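Okay, so the sequence shown: first residue is 58 according to the working numbering, each after it adds one.
Take a look at the structure below.
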Amino acid sequence: MTPGRVAIQIVGALLVGALTVFFLQSRVDTALPREAAAEVQAFSQRDATLNRDLVLARYGYLAHVDPLVEHLRALYAHAGRLDSLADGLDTPWRDEARAAVADLRRELARKDDHIEAFKSANAVLHASLAYFPTAVEEILAELDTTRLTSPRRMAAERAAGALLRAVLDDTRPGPEPLSDAVAEARRQLGTAAQGGSALLDQTLATAFAHLDMITAQKASLDSHLRAATGVAIEAPARRVDASYAAAFAAAGERATLFRGLLFGTAVLLVLYVAAVLARLRVKAAALSRSNADLRQEMASRAAAETQLAITGKVFDSAVEGVIVADAEGRIVSVNPAFTAITGVLPGDAVGRHWGTLTRASRADQDFPGIWRTARQEGRWQGEVWNTRPDGSEYAIMLTVTMIEDWDGRPRNYVALFHDVTDAKASAEELHFRTYHDALTGLPNRAMVKNRLAMAIGLRKPDETVALALFDLDNFRTFNDGLGHAVGDALIREVGERLSAVVDVETHTVGRLGADEFALVLRGFTDVQQTVAVLRRAYQDLARPLHLEGHELYTSASVGVAVHPTDGLDAEALFKNADVALARAKEAGGNTFQFYTQDMEAAVFRRLTLEADLRRGLKRHEFALAYQPKVCARTGQVVGLEALVRWLPAGRPMVSPAEFIPVAEQTGLIVPLGAWILQEATTFAEGLRRQGFADLTVAVNLSARQFRERTLIDDVAAALGRSGLPAANLELEITESMVMDDAEQSIATLRRLKGMGLRVAVDDFGTGYSSLSYLKRFPLDALKIDQGFVRDLTSEADDRAIVAAIISLARSLGLKVVAEGVETQAHFDYLRAGGCDQLQGYLLSRPLMGDDITAFLHRHREGWQPDPASAATTPWAARAATGEQGALA
Numbered sequence: 058m059t060p061g062r063v064a065i066q067i068v069g070a071l072l073v074g075a076l077t078v079f080f081l082q083s084r085v086d087t088a089l090p091r092e093a094a095a096e097v098q099a100f101s102q103r104d105a106t107l108n109r110d111l112v113l114a115r116y117g118y119l120a121h122v123d124p125l126v127e128h129l130r131a132l133y134a135h136a137g138r139l140d141s142l143a144d145g146l147d148t149p150w151r152d153e154a155r156a157a158v159a160d161l162r163r164e165l166a167r168k169d170d171h172i173e174a175f176k177s178a179n180a181v182l183h184a185s186l187a188y189f190p191t192a193v194e195e196i197l198a199e200l201d202t203t204r205l206t207s208p209r210r211m212a213a214e215r216a217a218g219a220l221l222r223a224v225l226d227d228t229r230p231g232p233e234p235l236s237d238a239v240a241e242a243r244r245q246l247g248t249a250a251q252g253g254s255a256l257l258d259q260t261l262a263t264a265f266a267h268l269d270m271i272t273a274q275k276a277s278l279d280s281h282l283r284a285a286t287g288v289a290i291e292a293p294a295r296r297v298d299a300s301y302a303a304a305f306a307a308a309g310e311r312a313t314l315f316r317g318l319l320f321g322t323a324v325l326l327v328l329y330v331a332a333v334l335a336r337l338r339v340k341a342a343a344l345s346r347s348n349a350d351l352r353q354e355m356a357s358r359a360a361a362e363t364q365l366a367i368t369g370k371v372f373d374s375a376v377e378g379v380i381v382a383d384a385e386g387r388i389v390s391v392n393p394a395f396t397a398i399t400g401v402l403p404g405d406a407v408g409r410h411w412g413t414l415t416r417a418s419r420a421d422q423d424f425p426g427i428w429r430t431a432r433q434e435g436r437w438q439g440e441v442w443n444t445r446p447d448g449s450e451y452a453i454m455l456t457v458t459m460i461e462d463w464d465g466r467p468r469n470y471v472a473l474f475h476d477v478t479d480a481k482a483s484a485e486e487l488h489f490r491t492y493h494d495a496l497t498g499l500p501n502r503a504m505v506k507n508r509l510a511m512a513i514g515l516r517k518p519d520e521t522v523a524l525a526l527f528d529l530d531n532f533r534t535f536n537d538g539l540g541h542a543v544g545d546a547l548i549r550e551v552g553e554r555l556s557a558v559v560d561v562e563t564h565t566v567g568r569l570g571a572d573e574f575a576l577v578l579r580g581f582t583d584v585q586q587t588v589a590v591l592r593r594a595y596q597d598l599a600r601p602l603h604l605e606g607h608e609l610y611t612s613a614s615v616g617v618a619v620h621p622t623d624g625l626d627a628e629a630l631f632k633n634a635d636v637a638l639a640r641a642k643e644a645g646g647n648t649f650q651f652y653t654q655d656m657e658a659a660v661f662r663r664l665t666l667e668a669d670l671r672r673g674l675k676r677h678e679f680a681l682a683y684q685p686k687v688c689a690r691t692g693q694v695v696g697l698e699a700l701v702r703w704l705p706a707g708r709p710m711v712s713p714a715e716f717i718p719v720a721e722q723t724g725l726i727v728p729l730g731a732w733i734l735q736e737a738t739t740f741a742e743g744l745r746r747q748g749f750a751d752l753t754v755a756v757n758l759s760a761r762q763f764r765e766r767t768l769i770d771d772v773a774a775a776l777g778r779s780g781l782p783a784a785n786l787e788l789e790i791t792e793s794m795v796m797d798d799a800e801q802s803i804a805t806l807r808r809l810k811g812m813g814l815r816v817a818v819d820d821f822g823t824g825y826s827s828l829s830y831l832k833r834f835p836l837d838a839l840k841i842d843q844g845f846v847r848d849l850t851s852e853a854d855d856r857a858i859v860a861a862i863i864s865l866a867r868s869l870g871l872k873v874v875a876e877g878v879e880t881q882a883h884f885d886y887l888r889a890g891g892c893d894q895l896q897g898y899l900l901s902r903p904l905m906g907d908d909i910t911a912f913l914h915r916h917r918e919g920w921q922p923d924p925a926s927a928a929t930t931p932w933a934a935r936a937a938t939g940e941q942g943a944l945a
């Protein structure tokens, strides 16, 4: 090739090169800034949506936290794409854009940390709030079983309700702690329920622990919400956008310069281009392909770097410990959670064989076998106990996975584990509390029954299994007179003495509750062996107890049942041992009684009463007595309460207190109640026709009768057959009846009220009712129980309770009826206190037939004291006749 041609080619090549460079540099890529702007806008919109959903989650309007996770995943993806787009920028714009993206990622990571803390606090807060009403209900249920006085129990119940309302009102968002109302309600509840029982104290402690958790988590939740929504993401986002905009502007200026150079070079190369166009096209195509390959490679590298960064973030932030080892078991890397769980620093672990870090504290731990299984099968999973450098033991759930190279040989091992020490301890403690008494640590009733059933199942043919039920004779005297601390100490001492009498590895000593203990004696072939154990127990219990500075003497009543003669299973032995225990108590205590067949007499009495009751219904041996109710303001007789009486032919009257429970248990209360309803409405209609048009008759409904599906039809039938207007009929129910199934009770009461009759709550204040339900019940009146009226003039607590019931009734728009008015002082106090109607022996005893009719005519113009009335009859004497508190 000639030098000239070479020179021309060189010049041409230079011109072509210059033309190509000028052409390429004159182009401005508009797609890159548009994509970057779109990513920044999408990032900002997604961040705003995330903040909105955080607020929704805080207020409870977001069902779950999955949207928060999705928003974070999308934000990380936007940041990754912005970082990838920076590859298309020139220096220094590429470096500035990447720096801005790095700041954006750091802020996003901070926000991610706050959101994780927010989710955890939110879950704990809502779990505690969901459980807190149940904890309050458990407190209320336990209050019913304590020996607290009725006023203290009611004060505790009011405090519990106030505490629940205050907690639910004060868990709104805000930086302030729970209000003074919560603290005051908590103080009142603790004061009122103090000393109720060990189980009540434990229940209170659990509820107060949840209250403390709610207080702590509310502050933490709002703090992390403010921190998460306040993360400064907008500033780095604007920097990213500004970097791309500045790069685009600089590219435009440079393109303008090169366009001028391109024009001049093009003029010089017009002829030359014509000659070498084909070759230039080939070169351009090759260059374009190379450029595309380069971009693809750079994009792949950026994606790999992003994935590596994400993986590293997950590795460092995981709560599970992670160990990465090579094929020989040498540790390559560990994460922070590894150190937190094991106590081993990364510098002490990396480079060492994994086996040097294991200190098996249990004989059954086979660490070499774990890795051997992982190598052979590719994976091992299970629970492992290890020891930290400080000597403390911990349990982990460990998963070891082998990673193979391309030809199937082990390349690495990855171990993931998390600490389960606390979970195992909690499970063991829960199991212990489920089957053991909290005060003594002895097996509880459930465990005693299990061991009794096991002893029966393992009994040899010539052996017996004995169940002895102990009931301390004078425990209540000590507990009430010396305080619950002494009572608890006595219970613990009795448990220890009974445990010392027998070999607890063979026999079982348990506490069934209160002052009741049980012995399960197995393996004896002679009843005298059982007697010998019981005598030793009596001797040990007879020794003086020195407790809290007191010298005490105690004894026990014991009932014993022996398998197989007294029962074939645990339930039968418990039942018969209870019968024997009752006989021991009847004998005066401080003795033990073995079960015998003649102890079934009491059961026989109950069955006889049931049979007589059935015959009495068929023979119409029942009658109704009516006790007047007087208007406290005018003295007018405004109503009658129907009370059932059983008058068996040729025998004395049977007390309602004796036959009503049997009728309830057998279901005979349903036909008896239907008869009472029909009889009372018929009698009331007769009185109405005699001119007592405004007189109402009240009929008590039993719990069984109230739950009957035929109740509405029975009431309608009674009204229809008698002709009595519904407005003249009042049905009396108790608190416990309606609270058994509150929603169903509301529906039943609404149907009854829809018929036009009246509904009153009898014995109000002696049961349990929720005020939130009470205001929903369609009621007309509350009846104050006679137990609060009896000592009204001498007991300040009773006066306070009566005043509270009257105030409550007034606020709910209900009438108030007081039962048990026996003295003029009762009458005057209740009338002055705002009670609407009065009922009791001061006004009249329950009267039957013509007697009640004569009473109504005699007091037609208003009630006046009757010197010959039953008002002078002592209450105790009337109670003995079964008239006081008779049921219908």
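Backbone N, C-alpha and C define an ideal beta-carbon position, used for all residues, glycine too.
Owing to the predicted nature of the structure, the values given are computational and were not obtained by experimental measurement.
Query	Result
Close-in-space but distant-in-sequence residues of the same chain around A143 (CB under 7 angstroms, 5 per side omitted)	R151, A154, R155, V158
Straight-line Cα distance separating G897 from V874	11 angstroms
Chain-order list of residues whose beta-carbon lies under 6 angstroms from that of D160 (same chain, five-residue window excluded)	P293
Three or more C-beta pairs below 8 angstroms linking the region 205-224 and the region 235-247	yes
Rounded distance between the beta-carbons of P149 and Y301, thought under 8 angstroms	Not quite, the Cβ-Cβ distance comes to about 13 angstroms (not below 8 angstroms), so this is no contact.
Among H607, R429, N647, nearest to A613 - alpha-carbon criterion	N647
Per-residue DSSP class, three states only, for L697	strand
Bridge partner(s) assigned by DSSP for M504	In the DSSP output, where bridge partners are listed per residue, M504 has none listed.
Cβ neighbour criterion (16 or more within 10 Å) applied to V339	exposed
Assigned exposure category for K517 - 16 Cβ within 10 Å defines buried	exposed
Length of the line joining the Cα atoms of E450 and A349	59 angstroms
Top-ranked residue by Cα proximity to L734, from F749, E789, V711	E789
Under 8 angstroms between C-beta atoms of K686 and L704	no
Presumed contact (8 angstroms Cβ cut-off) between V288 and K176, rounded CB distance	About 16 angstroms separates the two Cβ atoms, so there is no contact after all.
Whole-Å CB distance - F834 paired with L806, under 8 angstroms assumed	6 angstroms
Spatially closest choice to I863 from D842, A637, S851, T880, by CA coordinates	D842
Delimiting residues of the beta strand (DSSP E) encompassing F527	521-529
Enclosing beta strand (DSSP E) for F845 [first to last residue]	No beta strand (DSSP E) contains F845, which is instead part of the alpha helix (DSSP H) from 843-847.
Burial state of P903 (16 or more Cβ within 10 Å)	buried
Three-state secondary structure (DSSP) of K517	coil
Counted within 10 angstroms of its Cβ, other Cβ atoms place M812 as buried (16 or more) or exposed	exposed
N- and C-terminal bounds of the beta strand (DSSP E) containing Y683	679-688
Reference A366, options A860, R162, L831, E608, closest by Cα	R162
W411 - containing alpha helix (DSSP H), residue span	Taken as a continuous stretch (DSSP letters only), W411 belongs to no alpha helix (DSSP H), as it is neither H nor E.
C-alpha distance - P931 paired with P500, whole-angstrom precision	Low per-residue confidence applies at P931: pLDDT is 40, beneath 50, and the placement is therefore not dependable enough to give any value.
Complete beta strand (DSSP E) runs within the region 568-616 (minimum length 3 residues, chain order)	573-581, 602-604, 607-609
Proximity of G378 and F395 at Cβ, strictly below 8 angstroms	yes
DSSP beta-bridge partners of D383	N469
Distance between beta carbons of I380 and A472, contact taken as under 8 angstroms	4 angstroms
Where W463 falls, given that 16 or more other Cβ within 10 Å makes a residue buried	exposed
Spatial distance of L278 from A482 (CA atoms)	28 angstroms
Proximity below 8 angstroms, CB of L865 to CB of V878	no
Beta-carbon proximity of V727 to R761, cut-off 8 angstroms	yes
CA-to-CA distance, D383 to F305, given in whole angstroms	48 angstroms
Among L107, A775, L598, nearest to F527 - alpha-carbon criterion	L598
The ligand SAM heavy atom lying under 7 angstroms from the CB of V588	Although the ligand SAM was asked about, the structure shown includes no ligands whatsoever.
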